[in-house]
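J.: Once you've had a glance at the structure underneath, I'll fire off some questions.
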Amino acid sequence: DIQMTQSPSSLSASVGDRVTITCRASQGIRNDLDWYQQKPGKAPKRLVYEASSLQSGVPSRFSGSGSGTEFTLTISSLQPEDFATYYCLQHNTYPRTFGPGTRVDIK
Amino acid sequence: EVQLVQSGAEVKKPGESLKISCKGSGYSFTTYWIGWVRQMPGKGLEWMGIIYPGDSDTRYSPSFQGQVTMSVDKSISTAYLQWSSLKASDSAMYYCARGATIDYWGQGTLVTVSS
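Chains as they are written, first to last, in the working numbering: chain G, -13 to 93; chain D, 5 to 119.
Structure below.
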């Protein structure tokens, strides 16, 4: 199985901050990686697909980059509604695997 | 509008069986994989497996192989996840989700297993 790691596991940030979350795969997965946002008590929501394509309706302050084994999700200016947990998911091989998540809290 | 609507919360005893459902609408149900994802209380997302409604081709995560069974009824655009003998450790939120790459999610079904 492909193992996914995320860093940091949690972070505290202020509104307006630039936030970067990293996801690493245990082997190369091309650009077969998506990013999801999950708020408490809600289903996850896809933000980015194929590593860098923004899901329709997602604000442009979110962006994704990377390929191979290292990927990043960047929020250019953190907004109050962005406080949530973020997960990456590789869909290069079966079984699919999620990263452990990064919790973004208010500083 | 694509929608995945899951069945309601369940409370079961250890050893009981359970089948939860996920009804798709707003798209061609037979042409998109349906996956299942577990989220234990306070924990992250775990990919359980995926089924293709067109021909019932199924891929399970090794962690869940033999523990659950995925199935579909194409005639009513519904996917199922079932257990033959529940354990307390099966208590979790279960999400269905569309696609080999997940684009839409159901609202989740909370399963509580307690004696």
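Just so you know, even glycine gets a beta-carbon here, dropped at the ideal spot from N, CA and C.
DSSP puts G/G52 in a beta bridge; with which residues?
T.: In the DSSP output, where bridge partners are listed per residue, G/G52 has G/F57.
J.: At which residues does the beta strand (DSSP E) containing D/Y84 begin and terminate?
T.: From DSSP, the beta strand (DSSP E) with D/Y84 extends over 82 to 87.
J.: Using 8 Å as the threshold, is the C-beta distance between D/L90 and D/E5 below it?
T.: no
J.: Whole angstroms are fine: how far does the CA of G/G52 sit from the CA of G/S62?
T.: 16 Å
J.: Residues of the region 59 to 75 of chain G in Cβ contact with chain D at a cutoff of 9 Å, in chain order, please.
T.: T71, Y73, L75
J.: Name the residues in the region 16 to 29 of chain G whose C-beta lies less than 7 Å from a C-beta of chain D; which are they?
T.: D20, A29
J.: Are the CB atoms of D/Q43 and D/Y99 nearer to each other than 8 Å?
T.: Yes, the pair counts as a contact, with Cβ atoms nearer than the cut-off.
J.: Can the beta-carbon of G/I7 be found less than 8 Å from the beta-carbon of G/T88?
T.: yes
J.: In angstroms, rounded to a whole number, what distance separates the CA positions of D/S119 and G/D68?
T.: 39 Å
J.: Run down chain D in chain order and give the residues with a C-beta less than 7 Å from the C-beta of G/T83.
T.: W51
J.: Pull up the DSSP beta-bridge partners for D/T113, would you.
T.: D/Y98
J.: Look at the Cβ atom of D/S60, then the Cβ atom of D/V41, and state whether they are nearer than 8 Å.
T.: no
J.: Name the chain D residues whose beta carbon is nearer than 7 Å to that of G/R32?
T.: I106, D107
J.: Starting from D/E50, follow the beta strand (DSSP E) in both directions and report where the run begins and ends.
T.: 49 to 56 is the extent of the beta strand (DSSP E) around D/E50.
J.: Give a yes or no on contact between the region 30 to 40 of chain G and the region 27 to 38 of chain D, applying the rule of three or more CB pairs nearer than 8 Å.
T.: no
J.: Mind checking which residues open and close the beta strand (DSSP E) that includes G/Y73?
T.: 71 to 76
J.: Provide the residue span of the beta strand (DSSP E) that contains G/V90, from first to last.
T.: Note, G/V90: beta strand (DSSP E), 88 to 92.
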